[in-house]
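Residue numbers (the working numbering), protein chains in the order written: chain B, 2 to 370; chain A, 35 to 251.
Down below is the structure, laid out as structure tokens.
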Amino acid sequence: MSSSLTVLGIESSCDETAVAVVRRDDAGTHVLSSVIHSQVMQHKAFGGVVPEIAARSHVETIDDLARQALAEAGDPGLDLVAATSGPGLIGGVMVGLSFAKGFALARDLPLIGINHLEGHALSARLTEDVQFPFLLLLISGGHCQLLSVKGVGDYERLGTTIDDAAGEAFDKIAKVLGLGYPGGPALEACAKTGDASRFTLPRALLGRKDCDFSFSGLKTAAALIAHAEVKTEQDRADLCAGVQAAIARQLVERSDRAMKLFREQTTVTDPAFVVAGGVAANLALRAALTATAEKNGFVLKAPPLKYCTDNAAMIALAGLEHYEKLGKGALPDTETGMSTIARPRWPLDETSAAHAPIHKYSGRKGAKA
Amino acid sequence: MALRLVIDTSLNACGLGLFDSETCLFDITEGMTRGQQERLPVMALEAFHATGIKARDLNLIAVTLGPGSFTGVRVGLSFAKGLATGAGVPLKGIGTLEALGRHANLQDKTRLAVVNGGRGQIYVQRFPLGAPVTLDIHAPEAITEFAAANSVDTLTGPAAALLSGYWPKADEFPQTWPSLDAISNLAIDAGHDDLTPLYMREADAIASTRGIISLNA
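Here it is as structure tokens:
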């Protein structure tokens with residue numbers, strides 16, 4: 002019997018408003034449309050994402066984007082609406098989620114609130130049949146985590162950042178160095194002509210043997226060096242190269258540990274090491290991580306860039322995978338869907354997040370992700 | 035049939051009504067300073083269940099655009115946009131001050147709708163024929179001047195009491211939030227196609243070059 006599921010996905014948790022339509026049928030998974038409105042130009046003047054500006058932009062663009070995504074997909078019949086309901090900038094999350102509720106109610110469709118991180122976790126499956134379990138390194142401006150992805154809805158967090166994300170470090174150090182916003186790609190370009198060994202930068206959490214990350218000390222150290230010693234283009238290139246190498250080293254060290262942990266948990270041969278998130282676009286990092294994967298017998302897979310950065314296709318896919326897993330009868334009823342809450346903080350693996358010593362609380366004081 | 039769904043989450047409330055021409059088929063309003071995101075869609079579901087009306091049966095949806103709570107306005111507008119897009123129904127925006135001024139009991143009076151914008155900002159609109167204006171509570175001379183030029187019979191809206199001293203002869207008509215009936219009536223003849231929220235204030239953000247190094251020329 003042939004089966005087909007078509008899902009509308011909505012994403013608005015940071016500075017990208019996105020709507021997508023994804024279908025899975027016997028022939029595979031198809032992204033019928035994926036439209037994204039980036040707010041980069043609106044935030045550029047401020048050197049980072051301003052939550053109130055982001056929320057204002059989301060509400061002004063979301064309906065046009067939805068109409069565009071539906072039209073590009075050929076106005077298909079839909080089975081489900083999936084919207085990011087956290088974690089993220091709450092003003093933006095509420096816009097996408099509220100829009101999704103209205104749309105689902107109008108079309109008499111079930112609604113599922115999706116954890117943004119789950120979207121990233123499953124994003125590689127948009128274009129490739131990546132088998133569970135796999136190891137995921139999520140590196141973006143807002144998140145930095147290592148997750149063992151055992152199946153849909155079954156995630157174990159092996160490590161996370163205890164302060165800033167890797168992308169945050171890239172962007173904010175680039176900002177101090179006058180490279181503009183978003184500075185990650187500019188920093189990577191600048192690093193090409195630099196000497197990574199010139200400046201000594203701190204190595205975080207050396208005494209710990211877990212898979213957690215820390216980048217705030219690197220941000221401070223780089224800013225101090227920038228002000229004291231960076232006077233020429235070459236100085237700047239050298240610091241960029243040093244920062245990129247420091248970030249790469251930390252990502253490699255923790256990924257290496259996580260791969261060994263993952264190996265203890267499973268007997269899969271040639272497991273996938275999926276690298277997702279906007280920072281995965283950095284080719285120097287990707288080369289370092291590829292070498293680590295090969296050393297440990299993993300196969301590195303990175304979704305295409307358009308599905309690495311924030312997008313709604315991955316949210317639609319996460320909804321689709323839940324629908325397939327639950328079956329139509331077990332989906333949340335309309336009232337449950339309509340009461341879905343928006344969560345600024347929502348760890349994908351609540352058990353691990355609650356056990357981390359730095360997160361003694363849950364809810365508003367608890368772990369972000 | 036002229037079926038209208040009206041939504042207001044712009045002040046400290048969550049309200050939703052279904053109207054057929056002048057007749058109210060269903061209405062519900064609950065006072066709340068937060069939580070509209072969870073409550074409003076359930077209210078809509080209840081309204082559709084109670085009346086047997088479906089979203090695609092609607093002829094028009096109307097939603098308040100503020101000024102008021104930034105998040106409240108966005109929740110109501112986003113939900114209304116979702117409904118309108120999903121059902122293919124036209125959507126109109128209604129100014130919150132306009133809705134306060136449109137109250138059925140005030141139509142034969144000159145009136146001033148007053149909303150507190152916080153940080154000393156008071157948003158007012160005089161009816162008939164006024165435009166939204168920002169007054170600064172810390173600039174009493176300017177308010178006195180505005181009052182002299184804009185006589186009114188009645189002050190209304192959640193912050194009317196803040197300005198009563200400037201219009202000593204005016205009476206006060208209390209309204210904590212706009213009536214759904216007023217929004218419904220405005221939707222017929224004075225709804226806006228421009229759905230940009232009326233924030234009346236720029237986002238808090240200052241462009242700064244502090245902390246950014248400059249290289250030697």
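Even for Gly, the Cβ is constructed at its ideal location relative to N, Cα and C.
- Rounded to the nearest angstrom, the gap between the Cα atoms of A/Pro174 and A/Ala182 is 12 Å.
- Taking each of A/Leu59, A/Gly152 and A/Gly151 in turn and checking the Cα distance to A/Thr85, the smallest one comes out for A/Leu59.
- Distance from the Cα of A/Lys88 is smallest, within the candidate group B/Leu106, B/Ile163 and B/Arg258, for B/Leu106.
- 8 Å or more divides the Cβ of A/Ala96 from the Cβ of A/Leu50.
- Exclusion of the five residues before and after B/Ile91 leaves Ala343 and Pro345 as the residues of its chain whose Cβ lies within less than 7 Å of its Cβ.
- Straight across, the Cα-Cα distance linking B/Glu17 with B/Ile37 is about 6 Å.
- A/Ile246 places its beta carbon 8 Å or farther from that of A/Leu196.
- Taking the CA atoms as reference points, B/Ser340 sits about 54 Å from B/Ser198.
- Near chain A, meaning a CB-to-CB distance below 9 Å, no residue of the segment 184-211 of chain B qualifies.
- As summarised for the segment 130-192 of chain B, the continuous beta strand (DSSP E) elements at least 3 residues long and confined to that stretch are 135-140, 145-152 and 155-161, given in chain order.
- When rounded, the separation of the alpha-carbon atoms in B/Met315 and B/Pro88 is 15 Å.
- For A/Val158, none of the residues of chain B pass the 7 Å Cβ criterion, the least Cβ distance being about 23 Å.
- Using a Cβ-Cβ cut-off of 8 Å, B/Val231 counts as an interface residue toward chain A, since at least one Cβ of chain A sits closer than that to its own.
- Between the C-alpha atoms of B/Ile248 and B/Phe274 there is a straight-line separation of about 18 Å.
- Counting other Cβ atoms within 10 Å of its Cβ, A/Gly65 stays below 16 and is therefore classed as exposed.
- Residues of chain B whose Cβ lies closer than 9 Å to the Cβ of A/Thr168 do not exist; the shortest such Cβ separation is about 18 Å.
- For A/Lys115, the residues of chain B that pass the 7 Å Cβ criterion are Ile63, Asp64, Phe100 and Gly103, in the order they occur in the chain.
- For the segment 59-92 of chain B, the beta-carbon criterion of a distance under 7 Å to any beta-carbon of chain A is satisfied by Val60, Glu61, Ile63, Asp64, Ala67, Arg68 and Gly92.
- Annotation for B/Asp350: Tyr156, Glu157 and Arg158 place their beta carbon closer than 6 Å to its own, counting only its chain and skipping 5 residues before and after.
- Using a Cβ distance threshold of 8 Å, B/Leu137 and B/Cys145 do not count as a contacting pair.
- In its chain, beyond the 5 residues on either side, Gly160 have a beta carbon closer than 7 Å to the beta carbon of B/Asp211.
- For A/Gln159, the pairing in a beta bridge is given by DSSP as A/Ala147.
- By the C-beta density criterion, B/Gly152 is exposed, having fewer than 16 other C-beta atoms within 10 angstroms.
- Within the segment 98-127 of chain A, contact with chain B at the beta-carbon level (separation under 9 Å) is assigned to Phe104, Thr105, Val107, Arg108, Val109, Gly110, Leu111, Ser112, Phe113, Ala114, Lys115, Gly116, Leu117, Ala118, Thr119, Gly120, Ala121, Gly122, Val123 and Leu125.
- Secondary structure of A/Lys126 (DSSP, three-state): strand.
- For A/Leu50, not one C-beta of chain B is nearer than 8 Å to its own C-beta.
- For the segment 223-234 of chain A, the set of positions with a beta-carbon nearer than 9 Å to some beta-carbon of chain B reads Leu229, Thr230, Pro231 and Tyr233 in chain order.
- Using a Cβ-Cβ cut-off of 8 Å, A/Ser55 does not count as an interface residue toward chain B, since no Cβ of chain B sits closer than that to its own.
- In the structure shown, A/Ile240 falls within a coil segment according to DSSP collapsed to helix, strand and coil.
- Exposed is the label assigned to B/Thr233, since fewer than 16 other Cβ atoms lie within 10 Å of its Cβ.
- Across the set B/Phe216, B/Ala223, B/Gly195 and B/Tyr182, the C-alpha of B/Tyr182 shows the shortest separation from the C-alpha of A/Ser242.
- With fewer than 16 other CB atoms across the displayed protein chains lying within 10 angstroms of its CB, A/Gln141 is exposed.
- Taking 8 Å as the upper bound for CB-CB distance, A/Ala216 and A/Leu94 are not in contact here, some 15 Å apart.
- Taking the beta carbon of A/Arg90 as reference, the chain B residues within 8 Å of it are Ala107, listed in sequence order.
- Contacts with chain A (Cβ-Cβ distance below 9 Å) from the segment 312-341 of chain B involve Thr335, Glu336, Gly338, Met339, Ser340 and Thr341, listed in chain order.
- The closest CA to that of B/Glu265, considering only B/Pro134, B/Gln235 and B/Leu318, is found on B/Pro134.
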